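Novice: Below is the structure I would like to discuss, written out as structure tokens.
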Amino acid sequence: MFWAAHFLAGLAVVLAWPAPVALSRAKWPTRAPFTAMILWQAIALAGGLSMIGAMLVWGLDPLGDNLVEALGRFGEMAFANQPVDTLGLVHVFALSAAGLLSAHLIFTLLLTYAKIRGQRKRHRDMLNLLSSPAVNRPATLVINHPTPVAYCLPGGARSVTVLSDGLLDLLSPAELDAVLVHERAHLHQRHHLLLWAFAAWRAALPWLPTSQLAQRAVNELIEMLADDEALKRVQEPVLARAIAIVASGSLPDQQGDFAHGHSLAVTALAPGATPDQDAGATLNRIRRLLTPQPPLSLPQQAAALGASGLLLVAPTLLLVAPWVLG
């Protein structure tokens, strides 16, 4: 298991720095946002698995030729209260680090979920007081505010899309239809779950380039996915104008009210976003619509998806059967 630990550690380093940096600078994700989203998820999952797995395999190396055997031996020692003379100080340290990191990631994931759920509850309570149902538009609320605002509030069967009077006054019927389809796409495609996971990943490891770059990229990619859904109903210039109008109200006022023209799923789950990043993402979305690029070819998409699958399979094989490497 010695070589398996080194391979996992090397893979963790690659996925923590050069891989996310290279993907964040690539131009092709705007041509295939779904494929890019899959690849970002694979990098994050494989990176975490490799990081924890390297420490786990290193710590259990003296107890067996593979992880299953070593874990069984470690369990016997723990339950039988046997001495752990086989394990040196470095192995105990590695096992402790793997356990602490795993607990930290799980705890941060749950804590982030609790915070987001609390934010949504408070926001929904405010909406109950300050909004009214939209006429002839189910699961849509209207708030009395002059700033162009459109966002979705996830909540299962209670999910709603929120619009402002200011937005309704500015949009044409086609543009309003595009905005509604866009926001509902966030809900139907469960984008809030992706954002929750990546927000927790960044909160747990804020110093890691993977967590920072991935959250920023995923925020932008889900908007592009929702844009693609809206394009099934309207033409590119119509959607681009609607995006520009909504984005004009993207900066919150001093009271922190509803004046933030992006999806609540993004602003609530990714509190680290800055106005400059939001503005840059909006410009990228509009540029993508007004100067469309050809989609990735099938071989290119297959290569990206294959790389995603390989990233997930390789650490798993090294953990389950590290004896393959000697």
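Counted the way our numbering counts, the sequence shown spans residues 1089 to 1414. Idealized CB from N, CA, C, for every residue including glycine. Because the structure is a prediction, the values reported are computed rather than measured.
Thinking C-beta only, is residue 1295 closer than 9 Å to residue 1204?
Specialist: Start at 1 with the first residue of the sequence shown, and residue 1204 comes out as number 116. Start at 1 with the first residue of the sequence shown, and residue 1295 comes out as number 207. Not closer than 9 Å, so no.
Novice: Starting from the Cα of residue 1151, find the closest Cα among 1332, 1121, 1171 and 1320 and give me that residue.
Specialist: The count along the sequence shown starts at 1 and reaches residue 1151 at position 63. With distances taken between Cα atoms, residue 1151 lies closest to 1171.
Novice: Please list the terminal residues of the continuous beta strand (DSSP E) segment that includes residue 1248.
Specialist: In the sequence shown, the residue the question calls residue 1248 occupies position 160. Segment 1248-1252, the beta strand (DSSP E) holding residue 1248.
Novice: Look at the Cβ atom of residue 1310, then the Cβ atom of residue 1377, and state whether they are nearer than 9 Å.
Specialist: What you label residue 1310 is simply residue 222 of the sequence shown in a count that begins at 1. What you label residue 1377 is simply residue 289 of the sequence shown in a count that begins at 1. Contact: no.
Novice: Rounded to a whole number of angstroms, what is the C-alpha to C-alpha distance between residue 1326 and residue 1320?
Specialist: Residue numbering aside, residue 1326 sits at position 238 when the sequence shown is read from its first letter. Residue numbering aside, residue 1320 sits at position 232 when the sequence shown is read from its first letter. Each residue's alpha carbon lies about 12 Å from the other.
Novice: Tell whether a beta-carbon distance below 9 Å holds between residue 1315 and residue 1335.
Specialist: Position 227 of the sequence shown, counted from the start, is the residue given in the question as residue 1315. Position 247 of the sequence shown, counted from the start, is the residue given in the question as residue 1335. No, the pair does not count as a contact, with Cβ atoms beyond the cut-off.
Novice: Hey, would you say the C-beta of residue 1208 is under 8 Å away from at least one heavy atom of the ligand FMN?
Specialist: Absence of the ligand FMN from the depicted structure is noted, as is the absence of any ligand whatsoever, leaving it without description.
Novice: Would you kindly report the start and end of the unbroken beta strand (DSSP E) that includes residue 1322?
Specialist: Counting from 1 along the sequence shown, the entry for residue 1322 is found at position 234. That residue, residue 1322, is in no beta strand (DSSP E); it is neither H nor E in DSSP.
Novice: Who does residue 1231 pair with in a DSSP beta bridge?
Specialist: Here residue 1231 corresponds to residue number 143 of the sequence shown, with the count starting at 1. 1219 and 1252.
Novice: When DSSP builds the beta bridges, which residues end up paired with residue 1406?
Specialist: Mapped onto the sequence shown, residue 1406 falls at position 318. Note: residue 1406 sits in no beta bridge, so no partner.
Novice: So who's on the other strand from residue 1241, going by DSSP bridges?
Specialist: As a working mapping, residue 1241 is identified with position 153 in the sequence shown. Answer is 1248.
Novice: Distance, Cα to Cα, residue 1214 vs residue 1245?
Specialist: As a working mapping, residue 1214 is identified with position 126 in the sequence shown. As a working mapping, residue 1245 is identified with position 157 in the sequence shown. Cα-Cα distance, rounded: 18 Å.
Novice: At what residue ranges does the segment 1278-1329 contain a whole run of the alpha helix (DSSP H), taking only runs of 4 or more?
Specialist: Listed in chain order, the complete alpha helix (DSSP H) runs (minimum 4 residues) inside the segment 1278-1329 are 1279-1292 and 1297-1318.
Novice: Ignore the nearest five residues each way along the sequence and tell me which others in residue 1119's own chain have a CB closer than 6 Å to its CB.
Specialist: Sequence index remark: in the sequence shown, residue 1119 carries index 31 (1-based). Counting only Cβ-Cβ distances below 6 Å, and skipping sequence neighbours, we find 1381, 1383 and 1384.
Novice: By the three-class DSSP mapping on this structure, what secondary structure does residue 1174 have?
Specialist: Against the sequence shown, residue 1174 aligns to sequence position 86. Coil, per DSSP.
Novice: Distance, Cα to Cα, residue 1313 vs residue 1147?
Specialist: As a working mapping, residue 1313 is identified with position 225 in the sequence shown. As a working mapping, residue 1147 is identified with position 59 in the sequence shown. Answer to the nearest angstrom: the Cα atoms are 42 Å apart.
Novice: Quick one, are the C-beta atoms of residue 1403 and residue 1099 less than 9 Å apart?
Specialist: Within the sequence shown, the letter at position 315 stands for residue 1403. Within the sequence shown, the letter at position 11 stands for residue 1099. It is a contact, given that the beta carbons lie within the stated cut-off.
Novice: Could you give the residue range of the alpha helix (DSSP H) that holds residue 1336?
Specialist: Stepping through the sequence shown from its first residue, residue 1336 is reached at position 248. Careful: residue 1336 lies outside any alpha helix (DSSP H) and carries neither H nor E.
Novice: Give me, in chain order, the residues of the same chain whose beta-carbon lies closer than 7 Å to that of residue 1374; leave out the 5 immediate sequence neighbours on both sides.
Specialist: Reading the sequence shown from its first residue, position 286 is the one you call residue 1374. Contacts found: 1328, 1331 and 1332.
Novice: With burial defined as no fewer than 16 other Cβ atoms inside 10 Å of the residue's Cβ, what is the status of residue 1278: buried or exposed?
Specialist: Within the sequence shown, residue 1278 is the residue found at index 190, counting from 1. Exposed.
Novice: According to DSSP, simplified to helix, strand and coil, what is residue 1225?
Specialist: For the purposes of this step, residue 1225 is taken as the residue at position 137 of the sequence shown. If DSSP states are grouped into helix, strand and coil, residue 1225 belongs with coil.
Novice: Beta-carbon within less than 6 Å of residue 1127's beta-carbon, same chain only, minus the 5 sequence neighbours each way: which residues are those?
Specialist: Taking the first residue of the sequence shown as position 1, residue 1127 is located at position 39. So the qualifying residues of the chain are 1392 and 1396.
Novice: Relative to the C-alpha of residue 1112, which residue among 1308, 1199, 1240 and 1323 is closest?
Specialist: Residue 1112 sits at position 24 when you count from the first residue of the sequence shown. Taking only the C-alpha atoms, the option nearest residue 1112 is 1308.
Novice: Specify the secondary structure class of residue 1259 as computed by DSSP and reduced to three states.
Specialist: As a position in the sequence shown, residue 1259 is number 171, starting the count at 1. Coil.
Novice: Rounded to whole angstroms, what's the CA-CA distance from residue 1181 to residue 1274? Just pull it up for me.
Specialist: Against the sequence shown, residue 1181 aligns to sequence position 93. Against the sequence shown, residue 1274 aligns to sequence position 186. Looking at the two C-alpha atoms, the distance is approximately 43 Å.
Novice: Considering only the beta carbon of each residue, do residue 1318 and residue 1237 sit closer than 9 Å?
Specialist: Translated into positions along the sequence shown, residue 1318 becomes position 230. Translated into positions along the sequence shown, residue 1237 becomes position 149. Not closer than 9 Å, so no.
Novice: Assuming residue 1306 contacts residue 1286 under a Cβ cut-off of 8 Å, what Cβ separation, rounded to an integer in Å, is found between them?
Specialist: By 1-based counting over the sequence shown, the position of residue 1306 is 218. By 1-based counting over the sequence shown, the position of residue 1286 is 198. Right, the Cβ-Cβ distance comes to about 5 Å (below 8 Å), so this counts as a contact.
Novice: Here's the rule I'm using: 16 or more other beta-carbon atoms within 10 Å means buried, otherwise exposed. How should residue 1199 be labelled?
Specialist: One-based indexing of the sequence shown puts residue 1199 at position 111. Burial call: exposed.
Novice: With a threshold of 8 Å on Cβ separation, who are the neighbours of residue 1247 within its own chain once the five nearest residues in sequence on each side are excluded?
Specialist: In the sequence shown, the residue the question calls residue 1247 occupies position 159. Closer than 8 Å at the Cβ level, and outside the excluded window around residue 1247, lie 1227, 1240, 1241 and 1275.
Novice: Taking all protein chains shown into account, decide if residue 1131 is buried (16 or more other Cβ within 10 angstroms of its Cβ) or exposed.
Specialist: Taking the first residue of the sequence shown as position 1, residue 1131 is located at position 43. With 16 or more other Cβ atoms within 10 Å, it is buried.
Novice: What three-state label does DSSP hand residue 1372 in the structure shown?
Specialist: Along the sequence shown, one-based indexing puts residue 1372 at 284. It is helical.
Novice: Evaluate residue 1092 with the Cβ neighbour count: other Cβ atoms within 10 Å of its Cβ, from every protein chain shown; 16 or more gives buried, anything less gives exposed.
Specialist: Here residue 1092 is taken as the residue at index 4 of the sequence shown, counted from 1. Classification for residue 1092: buried.
Novice: What span of residues does the alpha helix (DSSP H) with residue 1137 cover, start to end?
Specialist: Taking the first residue of the sequence shown as position 1, residue 1137 is located at position 49. From DSSP, the alpha helix (DSSP H) with residue 1137 extends over 1121-1148.
Novice: Can residue 1177 and residue 1142 be called in contact, C-beta distance under 9 Å?
Specialist: If you number the sequence shown from 1, residue 1177 lands on position 89. If you number the sequence shown from 1, residue 1142 lands on position 54. No, they are not a contact pair.
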